[in-house]
Amino acid sequence: MKRVAVIGAGPAGCAAAINLKKFSNIEVLLLDKATFPRRKVCGSGLSPWTLELLDRMGIGNTVRKAAYPIRAGIIGGVGGTAVELRSHYEAAVLVRSQLDTILAHEAAHRGAQLIEDTRVEELIRENGRLIGIKTNQGNLEVDAAIVCNGGTSKLASAKRPGNTLRSLMGWYEGVDSIGDALEIYFDPMVKPYYGWVFPESQNRVNIGICYDAAYGDLNARQRFQQFIEERLGKRMRHASQIGYLMGHPIAVTHKPTALVQAGVLVAGEAGNLVDPATAEGIHTALASGLLAGEFMGSVLDRGTEPSFQKLAPYTQLIQKKIAPRLRAGNWFLQAAKTPILDLALRFGSLKSVQQTLLWVIAGV
Ligand SMILES: Cc1cc2nc3c(=O)[nH]c(=O)nc-3n(C[C@H](O)[C@H](O)[C@H](O)COP(=O)(O)OP(=O)(O)OC[C@H]3O[C@@H](n4cnc5c(N)ncnc54)[C@H](O)[C@@H]3O)c2cc1C
């Protein structure tokens, strides 16, 4: 029996644990510093391709039952223009405390040992080989590890091409004109990134901004306030804020690399695997977690030592299966830095423009 520590029980860790448990001779410890349900600062938007992946994992329907269904997208640009895009695509919003609890419990149901309230502090190596992990509850012997502890991870840190975006978001009730659309606005105070309004129910939304500090000199609160006043204005007349505004860095890349160490694979945002334009990271976390679990499982199942050489092809797998979407995100980001997007949105009432936008966004 081999023992694998999956560090972090967000979407990447849960997906990795689920695929590792397909190998009957592997014991899986799924560790998280938090206790579920736990809070995660996130817009909680589930794209059509995330729902598809959850279907393939056998939990799409459980997620849909708990989620708020989304049938359209409203995209806005500089100057207040906005276009509503409706299509056959199905998306959803499910607050992360609920989504991640469903995922963590599913991983436990499939045989992973979910160990909550346990912070992993270090990977323990002997002669370059991984032999265990140090946690705040004591040391554990393991044969391998999959690091999935999110964008602020220090456990498998490496120089990776990428960027760290800033974000600030809050939750509100009573915002006017909330329907079944995700609203995304490429407004001047956050451009080339965006502000959003994502409905979690008919009455409750999360509103946030994501931006690159290199663009503009306002701080996060000033940008957020400006977004609320200039974009949402009168719609906030009857709105009340629930709790505090919260920020979190978002680690993004369009060139995934440095995802392997001896005995260790990195998945999800711990490896910067987040779309550099949209900051969508749940899909890539699930997809990379599944690949990491499958890859590590097959190496250990053959009785092979998980050396750096044996694990190295995992990076190529990520580059083949996940990098194209991240690269497409980067092209979209480059376009968003030019007037192209605003120009397209100005002619947004034209069916052909709507179809092109939908095609580009679905492609990204
Ligand atoms: C403001 C904001 C809005 C976003 N909106 C969206 C969106 O709408 N849609 C979308 O797809 N993506 C969105 N993202 C990105 C998305 O939230 C992340 O990319 C995604 O959660 C990454 O999943 P993960 O499993 O890699 O890491 P995480 O979800 O961050 O999970 C990491 C887990 O590791 C645990 N952990 C951390 N350190 C340790 C440790 N030392 N030991 C043990 N456990 C540890 C944490 O408690 C956590 O449970 C957003 C991000 C932000 C910041």
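In numbering that gives the first Met the number 0, the protein residues as written are 0 to 363.
Think of the CB as a built atom: it goes at the ideal place given N, C-alpha and C, for glycine as much as any other residue.
Item	Value
Per DSSP, the bridge partner or partners of Phe-197	Asn-205
Glu-279 CB to nearest heavy atom of ligand 1 below 8 Å	yes
Residue of Gly-280, Leu-340, Pro-305 and Leu-332 minimising C-alpha distance to Asn-148	Gly-280
Inter-residue CB distance, Leu-139 and Leu-129 (contact presumed, cutoff 8 Å)	No, Leu-139 and Leu-129 are not in contact; Cβ-Cβ is about 12 Å, not under 8 Å.
Val-77 beta carbon less than 9 Å from that of Phe-185	yes
Gly-246 - DSSP class collapsed to helix/strand/coil	strand
DSSP state of Val-62 mapped onto helix, strand, coil	helix
CB contact flag (Met-368, Tyr-210, <9 Å)	Limits of the chain in this structure are 0 at one end and 363 at the other, which puts residue 368 out of reach.
C-alpha distance - Asn-202 paired with Gly-194, whole-angstrom precision	19 Å
CA nearest to the CA of Leu-29, picked from Ala-71, Gly-44, Ser-23 and Gly-12	Gly-12
Validate contact between the region 17-26 and the region 292-309 using beta carbons, cut 8 Å, 3 pairs	yes
When Asp-54, Lys-320 and Tyr-67 are compared against Leu-102, the one with the closest alpha-carbon	Asp-54
Proximal residues to His-104 (C-beta, below 6 Å), its chain only, five neighbours per side dropped	none
Three-way DSSP call (helix, strand, coil) for Leu-167 in this model	strand
Residues bridged to Val-146 (per DSSP)	Ile-6 and Val-265
Integer-rounded CB distance, given that Asp-99 should sit under 8 Å from Lys-39	6 Å
Segment limits, beta strand (DSSP E) that includes Pro-68	67-75
Stretch pair the region 89-97 + the region 64-71: three plus CB contacts closer than 8 Å	yes
Neighbourhood of Ile-73 by C-beta, 6 Å cutoff - its chain only, sequence neighbours within 5 removed	Ala-81, Glu-83, Ala-180 and Glu-182
Same chain, Cβ closer than 7 Å to Asn-135, five either side skipped, listed in chain order	Thr-117, Arg-118 and Glu-120
DSSP state of Ile-317 mapped onto helix, strand, coil	helix
Among Leu-93, Ala-111 and Val-141, the one whose alpha carbon lies nearest that of Ala-261	Val-141
Beta-carbon proximity check, Leu-272 vs Pro-255, cutoff 9 Å	yes
Enclosing alpha helix (DSSP H) for Ala-103 [first to last residue]	95-108
Same chain only: Cβ atoms within 7 Å of Tyr-192, ignoring 5 sequence neighbours per side	Leu-164, Cys-209, Tyr-210 and Asp-211
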